[in-house]
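Notes to accompany the following structure.
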Amino acid sequence: MLLAAAEALGIDSPLIPRIATPFGGGLAHRGESCGAVNGALMAIGLARGRDLDQDPAVRDQAYDLAGRFMHQFETQFGALRCRDLTGLDWSQPDSRETFYASGQWDRCLMYVSTAVAILAELGVLPEDPETL
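See the structure below:
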């Protein structure tokens with residue numbers, strides 16, 4: 001999610017996938033906040049976040065976008081937490097195997113594509129799917 005958003009925004013950095021690595025599986029495979037949500041929030045930061053010397057209003061605008069994104073995502077799917085979206089208890093040792101065997105990965109791809117669409121609708125990312 002974050003890497004695709006960074007590319008759409010013209011940001012090319014080997015740090016992007018490194019930064020996002022521990023956010024998958026609901027934050028380090030704990031089933032907390034959905035990775036698509038986390039990636040989308042980081043994408044909002046890349047696109048609209050503030051620099052250290054900027055007016056705090058820039059930060060407030062990013063918070064507003066983040067809140068609007070989260071509201072739309074939660075309205076559409078009924079949750080923001082990975083374990084609620086997948087129905088898996090990520091604390092179990094075989095949870096990742098269960099996840100892949102059950103076809104949940106396809107649902108996660110849908111969460112990611114929906115997150116991208118919401119970001120485009122909010123004007124954070126280009127609306128042209130060819131750029132993502």
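The opening position of the sequence shown corresponds to residue 1 in the working numbering, with each subsequent residue numbered one higher. Virtual Cβ for every residue (Gly too), placed ideally from N, Cα, C. All values reported here derive from a predicted model rather than from experimental measurement.
Which word fits residue i, buried or exposed, when buried means at least 16 other C-beta atoms lie within 10 angstroms of its C-beta?
i: GLY10; result: exposed
i: MET110; result: exposed
i: LEU41; result: buried
i: LEU65; result: buried
i: LEU88; result: buried
Specify the secondary structure class of residue i as computed by DSSP and reduced to three states.
i: ASP30; result: The identity of residue 30 in the sequence shown is Arg, whereas the question assumes Asp. Three-state result, ARG30: coil.
i: ILE59; result: One point to set straight first is that residue 59 is Arg, not Ile, in the sequence displayed. Residue state, collapsed to three classes: helix.
i: THR131; result: Residue placement at THR131 cannot be trusted, given a pLDDT of 49 that sits under 50; the coordinates are not used to answer.
i: ARG81; result: strand
i: ILE11; result: coil
i: SER137; result: Since the first and last residues shown for the chain are 1 and 132, residue 137 lies out of range.
Taking 8 Å as the limit between beta carbons, can you name the residues of its chain near residue i, skipping five residues before and five after?
i: ALA43; result: MET1, LEU2, ALA5, ALA6, LEU9, LEU119, VAL124, LEU125
i: GLY39; result: MET1, LEU2, ALA5, ALA20, PHE23, VAL112, ALA115
Below 6 Å CB to CB, which residues in the same chain sit around residue i once its five sequence neighbours on both sides are set aside?
i: THR86; result: GLN104
i: VAL58; result: ARG50
With distance defined between alpha-carbon atoms, name the residue in the options nearest to residue i.
i: ALA117; options: LEU88, GLY45, PRO93, VAL37; result: VAL37
i: GLY25; options: THR98, LEU122, GLU127, PRO56; result: THR98
i: SER13; options: LEU80, ASP84, LEU46, GLY31; result: LEU46
i: CYS108; options: LEU52, ASP84, PRO93; result: ASP84
What are the boundary residues of the alpha helix (DSSP H) that residue i is part of?
i: GLN104; result: 104–121
i: VAL37; result: 35–48
i: LEU52; result: Where LEU52 is concerned, there is no enclosing alpha helix (DSSP H), given that its DSSP letter is neither H nor E.
In chain order, what residues of the same chain have a beta carbon less than 7 Å from the beta carbon of residue i, not counting five sequence neighbours either side?
i: GLU32; result: GLY26, ARG81, CYS82
i: THR131; result: Interpretation of THR131 is limited by its pLDDT of 49, a score under 50 that renders its predicted location unreliable; no figure is taken from the coordinates.
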